[in-house]
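Colleague: Below: one structure in structure tokens.
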Amino acid sequence: MESSAGQPDTSHLSPEQRQRLAKAKLSSLVRDLGVPDALDALDAADPQVRGSLTGLMAPSGSAFVASEFGTPHDVAAALSWALKVGSAHLTMFVDFDAGAAARFASYFAHGPEFTVTVRGVAGSTSAPADADLIPELIVTPEPPEGLIEQWRAMDLEIVNEHGVTRGEVLGLEVARLVVWPSETGGDDQLHMEVGVGRFDRDAVWAVNDGQNIDKALIETVRIARASRFPGAPPHPLQRLNRERWLRSMIIRDPSLVGASHLAAVGMTTEPAGMKDAHPAAAFGVDDDGNPMLVVASAGVDLSVVPLAADLQAALDPTAELVLAVPRGDVHPIQVRLASMLQPQASVIALDAEWG
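The numbering used here numbers the first residue of the sequence shown as 1309 and each following residue consecutively.
Structure below.
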């Protein structure tokens, strides 16, 4: 039985069976390389399963990792494991999106001290993966002033990302401007939709039958501000999108990261949903007028390093790259990965407003 992607369906297998299958797959891919170093690895050790990755370390210091997907998290996790076991040469086998994995891996130092190669998997064999092009950044058109003048009067943060204009309260979206396409019965014009996330926006619209949207916005902002303010006690709205809250704090006070001016920009990838953690970026200049890119994350998020490097390459490869993290969330491996970027990125720990 196969999955829709053409890979064996392992959903019916126990965790132990899936682990054995993952180990056998990596062993087959390593054996297919046919290089002495790879064969030595199979003779010396049994593959290890770490979450979604399967890894194998050779006596010479080469590491081999198999991953189903080539996401920024998978690449960062593979690099982290290789560094943890003391490897200087990493080969990463990827089933899907190997080109994306090759792009993310390309930002890290390649030289005598550390190399990384990404290979796309086809059955039991593999081939070097060519790096995908960086996705073109979507430019958000300036919205008509009449549609957002209420937002300004309410002191909402106006954020343009991924072709969408949003109104936010400390990084939490409470409204957005959306084009209603004529293909689905709309008028191809911009309209304000109110709510925290898609389901909330749909509910607000249904309850109000498209009317009283201004009043709905006032109430949504009131609810958000009642639970989302510096020093607020724990609350579900306080915990949402903390990386965006951190970015909001930095934009309000750019001196926290050594900048003189910063404005929100979208990443090269978008979060799948409202509750998914995803880095938030701001681009501007430092005190000397030099370009600076700041990427904020919350929690121990290793994917922020390749994602930040991807955005730097898309916006301005010469810009100084700063990773901003709440003080309690700084992790040594995150700092190590940032130091491997070319050029290196710095990690700044900040006292978050949510305490």
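Glycine included, C-beta positions come from ideal geometry on N, C-alpha and C.
Take R1644 and list the residues in its own chain whose beta-carbon comes closer than 7 Å to its own, dropping the five residues that flank it on each side.
Modeller: Closer than 7 Å at the Cβ level, and outside the excluded window around R1644, lie L1391.
Colleague: Pull up the CB-CB distance for A1646 and A1653, whole angstroms please, since I reckon it's below 8 Å.
Modeller: 4 Å
Colleague: Does the segment 1458 to 1478 come within contact of the segment 1508 to 1516, defined as at least 3 CB pairs closer than 8 Å?
Modeller: Contact between the segment 1458 to 1478 and the segment 1508 to 1516 is absent: fewer than 3 CB-CB pairs across the two stretches fall below 8 Å.
Colleague: Given W1662, which residues of its chain have a CB within under 7 Å of its CB, disregarding the five upstream and five downstream residues?
Modeller: Excluding residues within five positions, the ones whose Cβ falls inside 7 Å are A1540, Q1546, R1550, W1553.
Colleague: Thinking A1435 and A1410 are a contact (beta carbons under 8 Å), I'd like their distance in whole angstroms, please.
Modeller: About 11 Å; that fails the 8 Å criterion.
Colleague: Quick check on the DSSP output: the alpha helix (DSSP H) that includes F1507 runs from which residue to which?
Modeller: Counting along the chain, F1507 sits inside the alpha helix (DSSP H) bounded by residues 1506 to 1516.
Colleague: Measure the C-alpha to C-alpha separation of E1469 and G1574 and round it to an integer number of angstroms.
Modeller: 5 Å
Colleague: Just the C-alpha distance for P1323 and V1338, rounded to the nearest angstrom, thanks.
Modeller: 23 Å
Colleague: Can you give the Cα-Cα distance for Q1325 and K1331, rounded to whole angstroms?
Modeller: 10 Å
Colleague: Return helix, strand or coil for E1481, following the three-state DSSP convention.
Modeller: strand
Colleague: When DSSP labels each residue in this structure, what does V1487 get in the three-state scheme?
Modeller: strand
Colleague: Check the DSSP bridge columns for A1371 and list the partner residues they point to.
Modeller: According to DSSP, which records beta bridges pairwise, A1371 is partnered with M1365, L1398.
Colleague: Does the contact criterion of 3 or more C-beta pairs under 8 Å hold for the segment 1356 to 1363 versus the segment 1414 to 1429?
Modeller: no
Colleague: How big is the Cα-Cα spacing for G1636 and A1657?
Modeller: 8 Å
Colleague: From the DSSP secondary-structure annotation, give me the bridge partner or partners of R1358.
Modeller: Paired residue(s): L1361.
Colleague: Between the Cα of L1478 and those of D1510, R1536, S1388, spot the shortest distance and give me the residue it belongs to.
Modeller: R1536
Colleague: Quick one: what's got a C-beta closer than 6 Å to F1422's C-beta in the same chain, skipping five residues either side?
Modeller: A1396
Colleague: Could you work out which residue in A1349, S1388, V1426, D1508 is closest to E1376 when comparing CA atoms only?
Modeller: When each option's Cα is compared against that of E1376, the closest is V1426.
Colleague: Helix, strand or coil for M1600? Go by DSSP, reduced to three states.
Modeller: Three-state result, M1600: strand.
Colleague: Below 8 Å on the Cβ atoms is my guess for P1451 versus L1498; work out the distance and round it to an integer in Å.
Modeller: About 6 Å separates the CB atoms of P1451 and L1498; that is less than 8 Å, so the two are in contact.
Colleague: Between the C-alpha atoms of E1310 and A1430, what's the straight-line distance to the nearest angstrom?
Modeller: Confidence at E1310 is low in this model, with a pLDDT of 40, below 50, so the placement of that residue is unreliable and no value is reported for it.
Colleague: Within 10 angstroms of its Cβ, does R1530 collect 16 or more other Cβ (buried), or is it exposed?
Modeller: Taking a 10 Å sphere around the C-beta of R1530, we find fewer than 16 other C-beta atoms and assign the residue as exposed.
Colleague: Can you tell me whether A1313 is buried or exposed, with buried defined as 16 or more other CB within 10 angstroms of its CB?
Modeller: The pLDDT assigned to A1313 is 46, lower than 50, so where the model puts this residue is not dependable; a value taken from the coordinates is nonetheless given after this. Classification for A1313: exposed.
Colleague: Is it a yes or a no for the segment 1607 to 1616 touching the segment 1581 to 1592, going by three-plus beta-carbon pairs under 8 Å?
Modeller: Result yes; three or more Cβ-Cβ pairs closer than 8 Å.
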